[in-house]
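**Student:**
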Amino acid sequence: MFRPMPSSLRLTIATAALLLAPQISFAQDETLPAPTITLPSADVAAGGITVERCVVKFLNKTKLPSESAGKLIKLEVEEGMAVQAGQIIAVIDARQAELTMQQKTAEEKVAKLNAENDINKRDAVETEKIARAQANSFEELYQRSAAGYWEMRKMQAEADRAKLRIELADINAKVAGAEHSITQYATQLVELEIEMRTLRADFPAYVENRYAQLGEWVQPGSPICELVQMDVVRVEGYARDLNGLIRRGMPVKVEITVGGSIEQPQIEPFDAVIDYVSLERNINGEHRFWVKIKNKPVGNDWLVKPGMQATITVLPQ
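Numbering (the working numbering), first residue to last: 1 to 317.
#1: Quick check on the DSSP output: the beta strand (DSSP E) that includes I88 runs from which residue to which?
#2: So I312 is in the alpha helix (DSSP H); what residue range does that whole segment cover?
#3: May I ask you to verify whether the stretch 168–177 touches the stretch 99–116, counting CB pairs closer than 8 Å and requiring at least 3?
#4: By DSSP's criteria, T50 is part of a beta bridge. Which residues make up the other side?
#5: Let me confirm a value: K104 is counted as buried when at least 16 other C-beta atoms fall within 10 Å, else exposed. Which label applies?
#6: From what residue to what residue does the alpha helix (DSSP H) around F138 run?
#7: If you draw a straight line from the C-alpha of L199 to the C-alpha of V91, how long is it?
#8: Please look up how many angstroms separate the CB atoms of M101 and V190, rounded, as I've assumed it's under 8 Å.
#9: Would D29 be called buried (16 or more neighbouring beta carbons within 10 Å of its own) or exposed?
#10: My output table needs one value for E30: the three-state DSSP class, helix, strand or coil.
#11: Write down every uninterrupted run of the beta strand (DSSP E) in the stretch 254–296 whose length is 3 residues or greater and which is fully enclosed by it, in chain order.
#12: Where does G221 land, buried or exposed, given buried means 16+ other C-beta within 10 angstroms?
#13: Using the rule of at least 16 other Cβ atoms within 10 Å of the residue's Cβ for burial, across every protein chain shown, is E128 buried or exposed?
#14: For Y238 and D93, what's the separation of their Cα atoms in angstroms?
#15: Beta-carbon separation of K109 and W217 under 7 Å?
#16: Can you tell me which of the three DSSP states L19 falls into?
#17: In this structure, does DSSP put Y211 in helix, strand or coil?
#18: Using alpha carbons as the reference points, say which of D271, G259, E263 lies closest to M308.
#19: Quick check: the stretch 239–251 against the stretch 297–311, are at least 3 beta-carbon pairs closer than 8 Å?
#20: Could you tell me which of P316, K292, I88, L315 sits nearest to P306, measuring between CA atoms?
#21: Which value, in whole angstroms, describes the spacing of the CA atoms of N136 and N120?
#22: What residue range does the alpha helix (DSSP H) around R95 cover?
#23: Assign L75 to buried or exposed, taking buried as 16 or more other Cβ atoms, counted over all protein chains shown, within 10 Å of its Cβ.
#24: In the DSSP assignment, the beta strand (DSSP E) including G237 goes from what residue to what residue?
#25: Using the C-alpha atoms, what's the distance from V228 back to V56?
#26: From this set, E263, Q264, D271, which residue's C-alpha is nearest V235's C-alpha?
#27: Assuming E320 and R210 are in contact, meaning their beta carbons sit under 8 Å apart, how far apart are those beta carbons, in whole angstroms?
#28: Could you check which residue in R281, K296, A106, L164 has the C-alpha nearest to that of R132?
#29: Could you check where the beta strand (DSSP E) with I224 kicks off and where it finishes?
#30: Could you please give the first and the last residue of the uninterrupted beta strand (DSSP E) stretch that includes R200?
#31: What separation, rounded to the nearest whole angstrom, lies between the Cα atoms of V197 and A212?
#32: Does DSSP put V175 in a helix, in a strand, or in coil?
#33: Work out the CA separation of G48 and T313 for me, nearest whole Å.
Okay, here's the thing in structure tokens:
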């Protein structure tokens, strides 16, 4: 006949089971294999290292600023326009700077005439010759007792003073030359001011945004428009170090999804080289790197656009 277990015995068995459970679990965990890091296999290394989920980005994207204060009298661009390097984007009123330029040019001419003027030097040289000859004559007269000592000394002092005038003329000529240089620099500053009032594109670009309006007063640093470079773009990705297998200058094959659907994407291949590998490693142990590719025009548009997804395959060397 079955006899029920006493309640005190059941409590003892349950307590022992709770105490032994962590030890049993720990013993089971010790039997599990340690996690391993899988490096690229020989086949992967032979065929190259593929980095997915790369993104197309702008190589150059800048907000063109005003460099001077004034009224915007010309605005040559609209959103969507393509501009070439050096093309005029906008012009700021330069009438005051042009008048200042005329003033500085006249001042430079005056300073140049003063710098080239050697009349004082020539006069001082001739005067010194005469004074020195007179001093020598009085010295001879003094030797023959035909002139007094102080008369002779006075003439010598006049000759020495005439020599000092030559040195003074040399110093004045140097000062005039320095003043001429100052006026030249002042003229160049005004020329630069006028040049800065004509804003030009620094690279072949596409006008993404236009901020300023014709007739608007702008300050130095005011954004006029946003320019983006489209003829050359950058494809950026992140990859593990892989013991230095990804290095600057290595050849790569870039495949960019330029259209299609998820089931049938349209892939465009490009050949390039790695242009940059960051020294910094992120929390996932990855280094940022990017390559430059030449974009392809399609009518008035471009085939590759920032934001498109890409895959980069680093080719073995």
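A virtual CB, placed ideally from N, CA and C, is assigned to each residue, including glycine. Being a predicted model, the structure only gives us computed values, none of them experimental.
**Tutor:** By the coordinates alone:
#1: For the purposes of this step, residue 88 is taken as the residue at position 88 of the sequence shown. Counted as a single uninterrupted DSSP element, the beta strand (DSSP E) harbouring I88 occupies residues 88–92.
#2: To locate residue 312, count along the sequence shown from 1; it is residue 312. Run containing I312: none in the alpha helix (DSSP H); it sits in the beta strand (DSSP E), 309–314.
#3: Verdict: yes, contact present.
#4: Position 50 of the sequence shown, counting from 1, holds the residue named residue 50. Paired residues: T313.
#5: Position 104 of the sequence shown, counted from the start, is the residue given in the question as residue 104. Note on K104: 16 or more other CB atoms within 10 angstroms of its CB, so buried under the neighbour-count rule.
#6: The residue given as residue 138 occupies position 138 in the sequence shown. Here the alpha helix (DSSP H) through F138 covers 119–143.
#7: Here residue 199 refers to the residue found at position 199 when the sequence shown is read from its first residue. Here residue 91 refers to the residue found at position 91 when the sequence shown is read from its first residue. Going by the C-alpha atoms only, they are around 6 Å apart.
#8: Here the question's residue 101 lines up with position 101 in the sequence shown. Here the question's residue 190 lines up with position 190 in the sequence shown. Sure, about 5 Å apart at Cβ, within 8 Å.
#9: Translated into positions along the sequence shown, residue 29 becomes position 29. The pLDDT assigned to D29 is 43, lower than 50, so where the model puts this residue is not dependable, and the model offers no usable value.
#10: Residue mapping note: residue 30 aligns to position 30 of the sequence shown, counting from 1. Unreliable positioning characterises E30 in this predicted model, as indicated by a pLDDT of 41, which lies under 50. The coordinate reading is nonetheless provided below. In the structure shown, E30 adopts helical secondary structure according to DSSP, grouped into three states.
#11: Qualifying beta strand (DSSP E) stretches, in chain order: 265–281, 286–294.
#12: One-based indexing of the sequence shown puts residue 221 at position 221. Looking at its Cβ environment, which holds fewer than 16 other Cβ atoms inside 10 Å, G221 is exposed.
#13: Numbered from its first residue, the sequence shown carries residue 128 at position 128. The residue in question, E128, is buried, as its Cβ has 16 or more Cβ neighbours within 10 Å.
#14: In the sequence shown, residue 238 corresponds to position 238, counting from 1. In the sequence shown, residue 93 corresponds to position 93, counting from 1. Each residue's Cα considered, the two are about 48 Å apart.
#15: Taking the sequence shown and counting its residues from 1, one reaches residue 109 at position 109. Taking the sequence shown and counting its residues from 1, one reaches residue 217 at position 217. Not closer than 7 Å, so no.
#16: Start at 1 with the first residue of the sequence shown, and residue 19 comes out as number 19. Any reading at L19 must be qualified, since the residue scores a pLDDT of 46, below 50, and its modelled position is unreliable; the value itself is stated next. Note: L19 maps to helix in three-state DSSP.
#17: For the purposes of this step, residue 211 is taken as the residue at position 211 of the sequence shown. In the structure shown, Y211 sits in coil (DSSP, three-state: anything other than H, G, I, E or B).
#18: Locating residue 308 in the sequence shown gives position 308, where the first residue counts as 1. Comparing Cα-Cα distances from M308 to each of D271, G259, E263, the minimum goes to G259.
#19: No: fewer than three Cβ pairs fall under 8 Å.
#20: Here residue 306 refers to the residue found at position 306 of the sequence shown. Minimum Cα-Cα distance from P306 among the listed residues P316, K292, I88, L315 corresponds to K292.
#21: One-based indexing of the sequence shown puts residue 136 at position 136. One-based indexing of the sequence shown puts residue 120 at position 120. Distance between N136 and N120, taken at the CA atoms: about 24 Å.
#22: As a working note, residue 95 is residue 95 in the sequence shown. Counting along the chain, the alpha helix (DSSP H) containing R95 begins and ends at 95–116.
#23: Position 75 of the sequence shown holds residue 75. So L75 ends up on the buried side.
#24: Along the sequence shown, read from residue 1 onward, the residue named residue 237 stands at position 237. Unbroken beta strand (DSSP E) run through G237: 232–240.
#25: Within the sequence shown, numbered from 1, the residue matching residue 56 stands at position 56. Within the sequence shown, numbered from 1, the residue matching residue 228 stands at position 228. Rounded to the nearest whole angstrom, the CA to CA distance from V56 to V228 is 13 Å.
#26: Within the sequence shown, the letter at position 235 stands for residue 235. Distance from the Cα of V235 is smallest, within the candidate group E263, Q264, D271, for D271.
#27: This structure cannot speak to residue 320, because the chain is shown only from 1 to 317.
#28: Against the sequence shown, residue 132 aligns to sequence position 132. Across the set R281, K296, A106, L164, the C-alpha of L164 shows the shortest separation from the C-alpha of R132.
#29: As a working note, residue 224 is residue 224 in the sequence shown. I224 -> beta strand (DSSP E) spans 223–228.
#30: Here the question's residue 200 lines up with position 200 in the sequence shown. Element bounds for R200: 198–200.
#31: Here residue 197 refers to the residue found at position 197 of the sequence shown. Here residue 212 refers to the residue found at position 212 of the sequence shown. For the record, residue 197 in the displayed sequence is Arg; it is not Val. Near 14 Å, if we compare the C-alpha coordinates of A212 and R197.
#32: Residue numbering aside, residue 175 sits at position 175 when the sequence shown is read from its first letter. DSSP places V175 in the helix class (H, G or I) of the three-state scheme.
#33: As a working note, residue 313 is residue 313 in the sequence shown. As a working note, residue 48 is residue 48 in the sequence shown. Rounded to the nearest whole angstrom, the CA to CA distance from T313 to G48 is 6 Å.
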